[in-house]
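What follows is a set of notes on a single structure, which appears directly below.
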Amino acid sequence: LNASTFLYSHGLDPEGGLTPGDFALLCPSLLNQLDQGTCIRHSHWDGTGAKHLHGNHNHTEHSEAPAGESRNIVIA
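So the sequence shown is numbered by our numbering: it starts at 968 and just counts up by one.
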């Protein structure tokens, strides 16, 4: 999913901006996407927009670090 599709799938307009309530609605989905590795940019990404389909597969083969070790979540 791209950002617009993600927002539309939650009933939000990408052109409308996000309220704190909108963000609270999206937060669980965003965290799930991050946890599942869906929102990562692969090191071999070349910027051409080539599709990389995300199914139920393991992304550890795409990085040198074991799964979970390269994740960093900042809490404000």
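A virtual CB, placed ideally from N, CA and C, is assigned to each residue, including glycine. Since the model is a prediction, treat every value here as computed from it, not as a measurement.
Exercise for the section: Look up P987 in the DSSP assignment and say whether it is helix, strand or coil. Expected result: For this step, residue 987 is matched to residue 20 along the sequence shown. DSSP places P987 within a helical segment (H, G or I) once states are collapsed to three.
Practice task
Measure the C-alpha to C-alpha separation of L992 and Q1003 and round it to an integer number of angstroms.
Solution key: Along the sequence shown, read from residue 1 onward, the residue named residue 992 stands at position 25. Along the sequence shown, read from residue 1 onward, the residue named residue 1003 stands at position 36. L992 and Q1003 have their C-alpha atoms roughly 18 Å apart.
Problem - For T1005, the first and last residue of its enclosing alpha helix (DSSP H) - result: What you label residue 1005 is simply residue 38 of the sequence shown in a count that begins at 1. Premise fails: T1005 is in no alpha helix (DSSP H) and is neither H nor E.
Handout entry: Whole-angstrom distance between L979 and L1001, CA atom to CA atom
Key = Sequence index remark: in the sequence shown, residue 1001 carries index 34 (1-based). Sequence index remark: in the sequence shown, residue 979 carries index 12 (1-based). Spanning the two alpha carbons is a distance of roughly 20 Å.
Practice task
Thinking P981 and S971 are a contact (beta carbons under 8 Å), I'd like their distance in whole angstroms, please.
Solution key: On the sequence shown, position 14 is the one that residue 981 refers to. On the sequence shown, position 4 is the one that residue 971 refers to. Between P981 and S971, the beta carbon gap of about 4 Å places them in contact (Cβ cut-off 8 Å).
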